[in-house]
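Participant: Starting off with a structure, shown below.
Residue numbers (my numbering): 801 to 918.
Spelled out as structure tokens, the structure:
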């Protein structure tokens, strides 16, 4: 088993525990996931994309629904900014992310690493 990392919530442990999820619970979870996909579809009937912080529940939702998301730097802050789009419409959010980067130049900022390795 190459999955050796043993900290809480580490992917190897999540993979192992998922082996014990009963089929009925898995099917019910997928039914809820389908409802979330429908809610996201309703949202994207009114907007082309939405912008949010790149942490928290926003990315959890896109992981569950499969909606495309592109994350770009937001200044020198640790938190980035996410552009989320409709299913099969990556072009819209990529264009928005490119416009954002061209307008801000945040993607050109780099941390000072001169003190490393001393």
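Idealized CB from N, CA, C, for every residue including glycine. All values reported here derive from a predicted model rather than from experimental measurement.
Specify the secondary structure class of residue 871 as computed by DSSP and reduced to three states.
Facilitator: If DSSP states are grouped into helix, strand and coil, residue 871 belongs with the strands.
Participant: With three or more C-beta pairs closer than 8 Å as the rule, is the region 846 to 861 touching the region 819 to 828?
Facilitator: The answer is no - the region 846 to 861 does not touch the region 819 to 828, with fewer than three Cβ pairs under 8 Å.
Participant: For residue 857, which of 842, 844, 836 has the nearest alpha-carbon?
Facilitator: Residue 857 has its Cα closest to that of 836, out of 842, 844, 836.
Participant: Mind checking whether residue 868 and residue 832 have CB atoms under 9 Å apart?
Facilitator: No, the pair does not count as a contact, with Cβ atoms beyond the cut-off.
Participant: Could you tell me whether the Cβ atoms of residue 844 and residue 872 are closer together than 9 Å?
Facilitator: The answer is no: Cβ separation not under 9 Å.
Participant: What three-state label does DSSP hand residue 842 in the structure shown?
Facilitator: In the structure shown, residue 842 sits in a helix (DSSP, three-state: H, G or I).
Participant: What residues in its chain sit with their C-beta under 7 Å from that of residue 864, if we drop five residues either side in the sequence?
Facilitator: These residues qualify, in order along the chain: 833, 836.
Participant: Give the list of continuous alpha helix (DSSP H) stretches no shorter than 4 residues that lie fully inside the region 877 to 918.
Facilitator: Listed in chain order, they are 890 to 904.
Participant: Could you name the residues that DSSP lists as bridge partners for residue 852?
Facilitator: Note: residue 852 sits in a beta bridge opposite 882.
Participant: Does the separation of the CB atoms of residue 880 and residue 914 fall below 9 Å?
Facilitator: Their beta carbons are not under 9 Å apart, which means residue 880 does not touch residue 914 by this criterion.
Participant: Could one say the Cβ of residue 910 lies closer than 9 Å to chain D's Cβ atoms, at least one of them?
Facilitator: Judged by its chain identifiers, the structure shown contains no chain D, having just a single protein chain.
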